Every structure is written in C-alpha cells, then in structure tokens.
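Only one structure is covered here, and it is reproduced in the block below.
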Amino acid sequence: MPLTRFGWVGVLVLTVGMLGGCAAPPAAIPEQMETTQVPMDDTESWWYVRFRLRWPEDEEPPWWPDLLLADRVIGPVLATEHATITLWRFHRRAARDGAGRQFSFIFRASPATAERVNTRIVNDPLLARLQRDGLVRTVSYDDPVQARRPGIGDTSDKNWPPEMRDAWPWFIMGVSRLWLELIRELEKQQGLPEEPEARYAALERVLNELWREEGGHALLHHLSAVFGYRELAVTRRELMRF
64 MPLTRFGWVG VLVLTVGMLG GCAAPPAAIP EQMETTQVPM DDTESWWYVR FRLRWPEDEE
124 PPWWPDLLLA DRVIGPVLAT EHATITLWRF HRRAARDGAG RQFSFIFRAS PATAERVNTR
184 IVNDPLLARL QRDGLVRTVS YDDPVQARRP GIGDTSDKNW PPEMRDAWPW FIMGVSRLWL
244 ELIRELEKQQ GLPEEPEARY AALERVLNEL WREEGGHALL HHLSAVFGYR ELAVTRRELM
304 RF
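Residues in the sequence shown are numbered from 64 upward in steps of one, following our numbering.
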C-alpha cells in the first residue's frame with residue numbers, strides 16, 4: 064500500500080522520536096580531568112559524552128559536525144574499545160534551549176572503560192582543534208566514579224513498557240552503526256573536498272539524499288517486515304502499512 068504524504072511524515076516523526084530518548088544531562092567534568100580513583104569492578108552502566116556545538120542565531124542548525132565527530136573522534140574509540148563497550152549509540156538534537164545543538168555518544172560499559180573513553184576523547188587532537196576554532200563549544204563527560212544508570216533500559220524513554228525499554232538499546236545501536244558505516248562508505252567517493260568542514264558538509268548532503276531515496280524500503284519497509292507487516296499507530300493513532 065503506497066504511503067500517503069501524511070504517512071511519511073508520521074513515520075519520520077516516529078523515527079525521530081525513537082532517536083530522542085535520552086536522560087537528563089549529567090554534571091560536566093572539566094576539560095582537563097584530574098586523576099580519580101575509579102572502582103575497578105565490572106559493573107556496567109550507561110555513560111554520556113555530550114558535544115555542545117556552535118549554532119549562530121537566525122541560522123539553520125548545522126548537522127554536518129556530527130558526522131565529523133562520529134567518524135574521526137568516536138570511531139577510533141569504538142575500534143579500540145569494541146570488546147569492552149557492550150552497547151552504544153548516537154543522539155542528535157537541535158533546539159533553542161539550554162542544550163542547543165548537541166551531539167551525544169552514549170555507551171554502556173564498566174567504570175574503568177568509561178574512564179579510558181573519557182581520557183581518549185579529552186586528549187583527541189582533532190577535538191582540541193575544533194574547540195579552539197569554536198565549532199565545539201563544550202564537551203561534558205559523565206563521572207566514572209558515579210554509575211547512575213546501571214539498568215539496561217535506564218536511557219530509554221520512561222514512557223515505554225519495560226520490555227521495550229530493555230530491548231530498544233540493541234535496535235538503536237544497529238541504527239547508529241549503520242549511520243556510521245554509511246558515512247564511511249560515502250567517504251570513498253571521488254571528488255570530495257579535503258578540508259574537513261566542506262568534506263563533511265558534502266557527505267551530509269549525500270547521506271540525506273540516500274536516506275530520502277532509499278530509507279523507505281531499505282530501512283522502514285524491512286523493519287516492518289520483521290514485525291510481519293502489522294499495522295503501526297503513528298502520530299494521530301492511525302493505522303497504516305508500508
């Protein structure tokens with residue numbers, strides 16, 4: 064059954080909503096972190112690293128910096144800590160409020176792993192340059208000494224049933240991995256600018272086009288297929304198939 068215009072809007076709103084379930088911001092750790100005594104147990108918890116980005120007044124929010132941070136800053140962390148990070152995801156948001164234009168890396172690991180991840184990001188030379196240039200305004204880190212989200216569903220939307228809260232992190236990790244791998248695949252194209260700002264702005268445009276043209280079948284249709292093409296209530300509680 065073909066999607067109506069409203070149907071597409073509903074699906075996109077639903078998708079954005081699923082990507083938006085994050086917890087209240089934690090206290091920021093200074094950029095130059097002091098050495099702390101981290102408990103060396105293997106109790107896992109969720110940890111946030113939040114990048115607050117420049118967003119000038121009267122301008123559309125810039126989204127391309129997320130691609131740069133994911134590929135060049137978080138990508139190496141995932142490569143190094145893939146055996147110690149159980150679950151992870153990205154979150155992107157833009158609103159004229161206290162958080163503003165923000166890109167977040169959210170991961171589940173032990174306190175010792177969280178300390179290593181924080182230290183690696185703090186010492187990343189590319190991130191330091193982005194901060195000097197003013198593109199990244201601030202970076203906040205969860206304190207590894209304080210494990211506040213031990214439950215697997217503790218960063219999911221509190222309005223969801225417990226079964227969805229506990230299962231959803233696996234879904235959104237796959238979505239985030241797909242997004243990161245698409246960036247890497249698209250970066251193989253010839254003719255991209257060398258300068259990072261122009262390069263990732265160009266990649267974002269290509270990625271947006273790919274989502275618009277292929278996301279309906281490659282992602283939404285096949286997600287529907289996993290659930291047996293059952294009806295889905297979206298936005299106005301209407302039922303539809305896609």
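Note that beta-carbon positions come from the ideal geometry of N, C-alpha and C, so glycine has one too.
None of these values were measured; they are calculated from a predicted model.
Residues in the same chain with beta-carbon distance under 8 Å from T246, minus the five sequence neighbours each way, listed in chain order, please. Looking up residue 246 in the sequence shown gives position 183. Per the sequence shown, residue 246 should be read as Ile rather than Thr. Counting only Cβ-Cβ distances below 8 Å, and skipping sequence neighbours, we find L130, A133, D134, L266 and L270.
Suppose you measure from the CA of M227 to the CA of F290; what does that come to, to the nearest Å? Within the sequence shown, residue 227 is the residue found at index 164, counting from 1. Within the sequence shown, residue 290 is the residue found at index 227, counting from 1. If you take the alpha carbons of M227 and F290, they lie about 14 Å apart.
Less than 8 Å between the C-beta atoms of W110 and F170, yes or no? Taking the first residue of the sequence shown as 1, we reach residue 110 at position 47. Taking the first residue of the sequence shown as 1, we reach residue 170 at position 107. Yes, the pair counts as a contact, with Cβ atoms nearer than the cut-off.
Can you check DSSP and say which residues form a bridge with Y204? The count along the sequence shown starts at 1 and reaches residue 204 at position 141. V112, per the DSSP bridge assignment.
Cα separation between A296 and L189? Start at 1 with the first residue of the sequence shown, and residue 296 comes out as number 233. Start at 1 with the first residue of the sequence shown, and residue 189 comes out as number 126. The alpha-carbon atoms of A296 and L189 are separated by roughly 43 Å.
For T143, count neighbouring Cβ atoms within 10 angstroms of its own Cβ and tell me buried if that reaches 16, exposed if not. Taking the sequence shown and counting its residues from 1, the one referred to as residue 143 is at position 80. So T143 counts as exposed.
Could you compute how far the alpha carbon of I92 sits from the alpha carbon of A288? Counting from one through the sequence shown, the residue named residue 92 turns up at place 29. Counting from one through the sequence shown, the residue named residue 288 turns up at place 225. In this prediction, I92 has a pLDDT of 36, which is less than 50 and means its spatial position is unreliable; what the coordinates show is noted afterwards. Their Cα atoms are separated by approximately 44 Å.
Measuring alpha carbon to alpha carbon, tell me which residue in T201, I235 and P213 is nearest F114. Position 51 of the sequence shown holds residue 114. Among T201, I235 and P213, the Cα nearest to that of F114 belongs to T201.
Does Q209 pass the burial test, meaning 16 or more other C-beta atoms within 10 Å, or should it be called exposed? Position 146 of the sequence shown, counted from the first residue, corresponds to residue 209. So Q209 counts as exposed.
Short Cβ contact (8 Å threshold) for V238 with I184: Position 175 of the sequence shown, counted from the start, is the residue given in the question as residue 238. Position 121 of the sequence shown, counted from the start, is the residue given in the question as residue 184. No; because the gap between Cβ atoms is not below 8 Å, this pair is not in contact.
N181, buried or exposed, once every other Cβ within 10 Å from all chains shown has been counted against 16: Here residue 181 refers to the residue found at position 118 of the sequence shown. With 16 or more Cβ atoms within 10 Å of its Cβ, N181 is classed as buried.
DSSP state of R299, grouped into three classes? Here residue 299 is taken as the residue at index 236 of the sequence shown, counted from 1. It is coil, neither helix nor strand.
Report back the beta-carbon spacing between A175 and I148 to the nearest angstrom; my notes put them in contact at under 8 Å. Along the sequence shown, read from residue 1 onward, the residue named residue 175 stands at position 112. Along the sequence shown, read from residue 1 onward, the residue named residue 148 stands at position 85. Taking 8 Å as the upper bound for CB-CB distance, A175 and I148 are not in contact here, some 12 Å apart.
Tell me whether the beta-carbon of Q194 lies closer than 8 Å to the beta-carbon of L116. Position 131 of the sequence shown, counting from 1, holds the residue named residue 194. Position 53 of the sequence shown, counting from 1, holds the residue named residue 116. At least 8 Å separates the beta-carbon of Q194 from that of L116.
Output needed for A177: all residues of its chain with C-beta closer than 6 Å, excluding positions within five of it in sequence on either side, in chain order. In the sequence shown, residue 177 corresponds to position 114, counting from 1. Shown here for A177: same chain residues with a beta carbon closer than 6 Å to its own, the five before and five after excluded, namely W110 and P207 in chain order.
Excluding sequence positions up to five away, which residues of its chain have a Cβ less than 6 Å from the Cβ of W223? In the sequence shown, residue 223 corresponds to position 160, counting from 1. Short of 6 Å from the beta carbon of W223, and not among the five residues preceding or following it, lies no beta carbon of its own chain.
For G254 and E107, the rounded distance between their alpha carbons: Here the question's residue 107 lines up with position 44 in the sequence shown. Here the question's residue 254 lines up with position 191 in the sequence shown. Going by the C-alpha atoms only, they are around 43 Å apart.
Can you tell me whether DSSP reads L198 as helix, strand or coil? Looking up residue 198 in the sequence shown gives position 135. The answer is coil: DSSP assigns L198 none of H, G, I, E or B.
Identify whether A210 lies in helix, strand or coil by the three-state DSSP scheme. Here the question's residue 210 lines up with position 147 in the sequence shown. In the structure shown, A210 sits in coil (DSSP, three-state: anything other than H, G, I, E or B).
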